[in-house]
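In what follows, a single structure is set out as structure tokens and then discussed.
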Amino acid sequence: MQLAEQLTVGRGPNDFTNTNQNPTVSSVGASFGTYTVTATNANGCSNTASTIVQNNGNNQPTLTFTGNTNFVNSIVSPTTGDPYTTFRFEVIYTDADGDLPSASEPKLWMDAEGNGSYFNAKDRVFAMQQADPTDVDVTDGKLYYYNAQGLPLSTTWEIEVRASDGNGCAAIFGAFNNLDVFNSTDISIFANDINFSDNNPNPSDTIIITTVIHNYSNLDATNFVVRLLNQNDSTFIDDTVALVPALGDITLQWQWITSDTPSYNPMQVILDLYNVITEPNELDNTAVRPFTNGNFVVGGDIITFNNVSPSTSYPYGAITLSGNAVYTDLAVTLQDSSVAGATVTFNVYDSTGAKVLGPYSTYTNSRGNFSKSFYQHLYAPATYTIVGNTTDFTLTDTFTNTFNLILPPCNPDLGISVSLSKYKIVVGETITGTATISNSGCDTIRVSTEAFLNCQMERQFLDHLRFRH
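Be aware that the sequence shown starts at 41, since it is given in the numbering used here, and climbs by one per residue.
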């Protein structure tokens, strides 16, 4: 609420007091009892009003960190990037009464300017998705997530997560200010950017190794060192790159004399060896592609560990395939068994074996990790199979996984919009307003208009005041 007169004192349960002038009084916690406000104007005239807050027996929901990797004390990962970065947001919603959040909640409220308003041009509001739609027990917590792309440039983001339980209680988590979206240099390389003039030269041959370096940012990348490293025997060549232009690429070329014995040679290209460039993502600064020298039989395999999230979802939603690829049983011992810079390709098939989605492709980073989100425009409830492969262009692994589509529950989805004649009032002033109730769900419902309006209008009225002042 916004008070236009001078406030002498406000008191309530649990030693609640407030003497701020022209204050915006936000939530004071779930304390029940009598709240009293005394207002005094410039002439010394005062008036006192009170209200009684009673317990309706409903517990307030809570929102907490998920505790997953990169989400122990943050709701977003990564915390820095540019408008092309995919930012993942995660929270756990818990309600002791078992009340699921209201439709299209929890929601991310993102204030780009950090000015306390969520209705400026660069601000964003997103409805978070269920990680597991089949989990209807929220007494032990339920994970909700959202993957955001194309966020506006800002280093002053203030982010809240809000959810209500449909019974008059709500939770606000945040605000958090650890997200920065800015323009920065972003160079990258993948395994398919590395090529050999001969993929199977003879011992002591001279081959040409070429690589393409990409710059996906709007800024030039200048004066950094690139290393070409043979992971088999640790021989290397360093080269200084003067310029990779913004939104451009360059090609480097080296002459390489192969060893005098048959061998397996994983050739690694490392960009910005001495880390002189500040980037939002440095995991794509290295890639490996091998060649065989002479009559060498390649042993070993690639193993792809993968996960589908959510494993169960409704039709027409986003699915993410993520995982990790490692080498095993190779004839040579690698410093790192991660399959870096490999190409991951997959398709989606229905129960008859017919391809219904794909192909999709991505690359593993320097740790062998990969993640690819895709939109499934499937409507038939069924179990769908993902079949893919991971290749470093010498070894290839085939992997599978599944996800289920189920029909969403048919429920009503009530909403209300409120328009007020004024948003800043003085004590005793009368204002007018209109409210429109809508149902965007797929089922009808009878509601008590008076009770619904009293509850919802009060909440939205206070939200309007808090957001505008």
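Don't be surprised by glycine CBs; every beta carbon is placed ideally from N, CA and C.
All figures in this text were calculated on a predicted structure; none of them were measured in a lab.
Backbone CA spacing between residue i and residue j [nearest angstrom]
{"i": "residue 178", "j": "residue 269", "result": "51 Å"}
{"i": "residue 183", "j": "residue 337", "result": "47 Å"}
{"i": "residue 392", "j": "residue 252", "result": "41 Å"}
{"i": "residue 67", "j": "residue 451", "result": "Because residue 67 sits at a pLDDT of 49, beneath the cut-off of 50, its placement in the model cannot be relied upon, and the following sentence gives the value as read from the coordinates. About 30 Å."}
{"i": "residue 219", "j": "residue 101", "result": "25 Å"}
{"i": "residue 401", "j": "residue 261", "result": "27 Å"}
{"i": "residue 399", "j": "residue 348", "result": "16 Å"}
{"i": "residue 328", "j": "residue 482", "result": "52 Å"}
{"i": "residue 213", "j": "residue 433", "result": "47 Å"}
{"i": "residue 44", "j": "residue 163", "result": "At residue 44 the pLDDT is 43, less than 50, meaning the model places this residue with poor confidence and gives no usable figure here."}
{"i": "residue 240", "j": "residue 443", "result": "40 Å"}
{"i": "residue 380", "j": "residue 309", "result": "10 Å"}
{"i": "residue 350", "j": "residue 440", "result": "15 Å"}
{"i": "residue 463", "j": "residue 74", "result": "25 Å"}
{"i": "residue 275", "j": "residue 409", "result": "26 Å"}
{"i": "residue 181", "j": "residue 470", "result": "43 Å"}
{"i": "residue 189", "j": "residue 320", "result": "14 Å"}
{"i": "residue 318", "j": "residue 226", "result": "8 Å"}
{"i": "residue 279", "j": "residue 267", "result": "6 Å"}
{"i": "residue 307", "j": "residue 363", "result": "23 Å"}
{"i": "residue 312", "j": "residue 299", "result": "27 Å"}
{"i": "residue 32", "j": "residue 187", "result": "With the chain running from 41 to 509 in the structure shown, residue 32 is simply not present."}
{"i": "residue 81", "j": "residue 173", "result": "54 Å"}
{"i": "residue 84", "j": "residue 210", "result": "38 Å"}
{"i": "residue 403", "j": "residue 118", "result": "18 Å"}
{"i": "residue 487", "j": "residue 203", "result": "21 Å"}
{"i": "residue 170", "j": "residue 133", "result": "10 Å"}
{"i": "residue 97", "j": "residue 77", "result": "26 Å"}
{"i": "residue 293", "j": "residue 277", "result": "11 Å"}
Neighbourhood of residue i by C-beta, 8 Å cutoff - its chain only, sequence neighbours within 5 removed
{"i": "residue 112", "result": "105"}
{"i": "residue 314", "result": "264 and 265"}
{"i": "residue 301", "result": "243, 333 and 334"}
{"i": "residue 437", "result": "341, 342, 343, 344, 365, 429, 430 and 431"}
{"i": "residue 497", "result": "Low confidence applies to residue 497: its pLDDT is 49, below 50, so where it sits in the model is not reliable enough to give any reading."}
{"i": "residue 387", "result": "395, 397, 398, 399, 400, 426, 427 and 428"}
{"i": "residue 368", "result": "340, 341, 342, 343 and 377"}
Cβ-based neighbour list, residue i, same chain, cut-off 7 Å, excluding 5 preceding and 5 following
{"i": "residue 236", "result": "247, 249 and 331"}
{"i": "residue 431", "result": "382 and 383"}
{"i": "residue 215", "result": "198, 199 and 200"}
{"i": "residue 282", "result": "262 and 263"}
Neighbourhood of residue i by C-beta, 6 Å cutoff - its chain only, sequence neighbours within 5 removed
{"i": "residue 358", "result": "413 and 415"}
{"i": "residue 296", "result": "247 and 249"}
{"i": "residue 205", "result": "101, 135 and 139"}
{"i": "residue 316", "result": "264"}
{"i": "residue 285", "result": "260"}
{"i": "residue 228", "result": "254 and 324"}
{"i": "residue 91", "result": "75"}
{"i": "residue 510", "result": "Any answer about residue 510 is impossible in this case: the structure gives the chain only from 41 up to 509."}
Proximity winner among the options, relative to residue i (alpha-carbon distances)
{"i": "residue 323", "options": "440, 373, 382 and 175", "result": "382"}
{"i": "residue 461", "options": "467, 455 and 473", "result": "473"}
{"i": "residue 305", "options": "279, 362, 374 and 262", "result": "374"}
{"i": "residue 107", "options": "131, 88 and 86", "result": "131"}
{"i": "residue 217", "options": "116, 316, 443 and 186", "result": "116"}
{"i": "residue 457", "options": "443, 478, 448 and 429", "result": "478"}
{"i": "residue 360", "options": "438, 175, 185 and 163", "result": "185"}
{"i": "residue 168", "options": "145, 180 and 176", "result": "145"}
{"i": "residue 142", "options": "274, 395, 109 and 208", "result": "208"}
{"i": "residue 109", "options": "91, 99 and 128", "result": "128"}
{"i": "residue 148", "options": "165, 221 and 85", "result": "165"}
{"i": "residue 272", "options": "211, 84, 370 and 293", "result": "370"}
{"i": "residue 425", "options": "411, 445 and 435", "result": "445"}
{"i": "residue 222", "options": "191, 234, 210 and 368", "result": "191"}
{"i": "residue 137", "options": "372, 480, 245 and 99", "result": "99"}
{"i": "residue 447", "options": "421, 454, 435 and 114", "result": "421"}
{"i": "residue 449", "options": "114, 423, 176 and 171", "result": "176"}
{"i": "residue 231", "options": "224, 173, 454 and 435", "result": "435"}
{"i": "residue 258", "options": "453, 465 and 224", "result": "224"}
{"i": "residue 406", "options": "119, 389 and 376", "result": "376"}
{"i": "residue 233", "options": "103, 77 and 326", "result": "326"}
{"i": "residue 411", "options": "171, 346 and 372", "result": "346"}
Report task. Determine contact between the region 339 to 356 and the region 151 to 159, defined as no fewer than three beta-carbon pairs at a distance below 8 Å. Result -> no
_Could you tell me which whole beta strand (DSSP E) segments of length 3 or greater appear in the region 253 to 313?_
261 to 270, 276 to 284, 289 to 297 and 303 to 310
My parser needs the beta strand (DSSP E) runs of 3 or more residues fully inside the region 402 to 470; what are they? 409 to 416, 422 to 431, 436 to 445 and 454 to 460
TODO: Answer yes if the region 193 to 205 comes into contact with the region 282 to 291, meaning at least three C-beta pairs across the two stretches below 8 Å, and no otherwise.
DONE: no
Identify every run of the alpha helix (DSSP H) within the region 187 to 222, keeping only runs that are complete inside it and at least 4 residues long; order them along the chain. none
Check whether the region 117 to 127 and the region 144 to 153 are in contact - that is, three or more C-beta pairs closer than 8 Å.
no
Practice item. Pick out the complete beta strand (DSSP E) segments inside the region 99 to 168, 3 residues or longer, and give them in chain order. Key: 102 to 104, 127 to 134, 147 to 151 and 164 to 167
_Quick check for students: name the residue ranges of the beta strand (DSSP E) that lie wholly in the region 310 to 396, counting only runs of 3 or more._
326 to 333, 341 to 349, 357 to 368 and 383 to 389
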